[in-house]
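Okay, so the sequence shown: first residue is 205 according to the numbering used here, each after it adds one. Built from N, CA and C at the ideal position, the CB exists for glycine as well. Only a predicted model underlies this, so the values are computations on that prediction, with no experimental measurement involved.
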Amino acid sequence: MTKFLLILHVLVAIVAIGPVTVAASRFPAEARRALADPGDPGAVSSVRQLHRICVTYAFVGAAVPVFGFGTASSMGVLGSAWLIASIVLTALAAVALGGLILPRQAAIVTALYAPPAERDPLPGREATVRLAMFTGIFNILWAVVTILMIVRPGSTTGA
205 MTKFLLILHV LVAIVAIGPV TVAASRFPAE ARRALADPGD PGAVSSVRQL
255 HRICVTYAFV GAAVPVFGFG TASSMGVLGS AWLIASIVLT ALAAVALGGL
305 ILPRQAAIVT ALYAPPAERD PLPGREATVR LAMFTGIFNI LWAVVTILMI
355 VRPGSTTGA
């Protein structure tokens with residue numbers, strides 16, 4: 205059962221977290237392009253699609269810690285320092301995505317899709333720069349979690 209849970213954990217992490225990381229990383233630059241020319245339907249559509257990818261895969265990504273806890277429990281490592289650190293970093297990544305990245309993306313998408321007569325001033329470059337910073341933090345958190353999952357300090361695998 206441990207191997208099965210580990211396989212599910214790794215597969216869901218790759219399939220869910222990878223697309224969120226890439227789409228969220230591309231979003232600020234695409235948003236700058238769309239905000240510079242809100243009349244360009246391709247640029248606006250690209251921003252909307254990247255946001256949809258982030259939202260969809262964020263929900264799928266919720267399965268990563270579920271399978272992770274199952275795997276850790278079956279391996280008997282729930283109290284390990286590397287796992288606790290990974291859990292804390294994963295929670296921080298989830299907060300960054302759900303509380304900082306997705307709402308800012310949604311605000312940009314909403315602004316771009318508002319009818320020109322009803323549109324508030326479009327977000328400026330500062331909004332996309334800040335979004336890029338939060339996305340970078342999210343990506344670094346996941347990179348550290350991935351490293352901890354591979355190296356596992358104190359592991360008996362010899363890694």
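Which of the three DSSP states is assigned to Pro-320 in this structure? Assigned with DSSP and collapsed to three states, Pro-320 falls in coil, not helix or strand.
Secondary structure, alpha helix (DSSP H): runs of 4+ residues fully inside the region 209–283: You should have 222–240, 245–265, 267–279.
Distance, Ile-341 Cα to Pro-269 Cα: So the alpha carbons of these two residues sit roughly 19 Å apart.
Length of the line joining the Cα atoms of Val-248 and Met-205: The C-alpha of Met-205 is placed about 46 Å away from the C-alpha of Val-248.
Can you tell me whether Glu-234 is buried or exposed? The criterion is at least 16 other CB atoms within 10 Å of its CB, across all chains shown. It is buried - the Cβ of Glu-234 has at least 16 other Cβ atoms within 10 Å.
Proximity test, Cβ basis, 8 Å: Leu-239 and chain C: The chain inventory of the structure shown lacks chain C, comprising one protein chain alone.
Could you give the DSSP three-state label for Leu-335: helix, strand or coil? Looking at Leu-335 - three-state DSSP - the assignment turns out to be helix.
Buried or exposed: which applies to Leu-452, given that a residue is buried once 16 or more other Cβ atoms fall within 10 Å of its Cβ? The structure shown does not extend to residue 452, since the chain is modelled only from 205 through 363, so no value can be given for it.
Distance between Asp-324 and Ala-315 (C-alpha atoms, nearest Å): Each residue's alpha carbon lies about 7 Å from the other.
Assigned secondary structure, Gly-302 (DSSP; H/G/I helix, E/B strand, else coil): If DSSP states are grouped into helix, strand and coil, Gly-302 belongs with the helices.
Where Met-205 falls: helix, strand or coil (DSSP): Coil.
Would you call the region 214–226 and the region 286–296 in contact, with 3 or more CB pairs under 8 Å? Cβ pair count under 8 Å is below three, so no.
Nearest to Arg-308 by CA position, among Pro-319, Glu-322, Met-337, Ile-288, is which residue? Among Pro-319, Glu-322, Met-337, Ile-288, the Cα nearest to that of Arg-308 belongs to Met-337.
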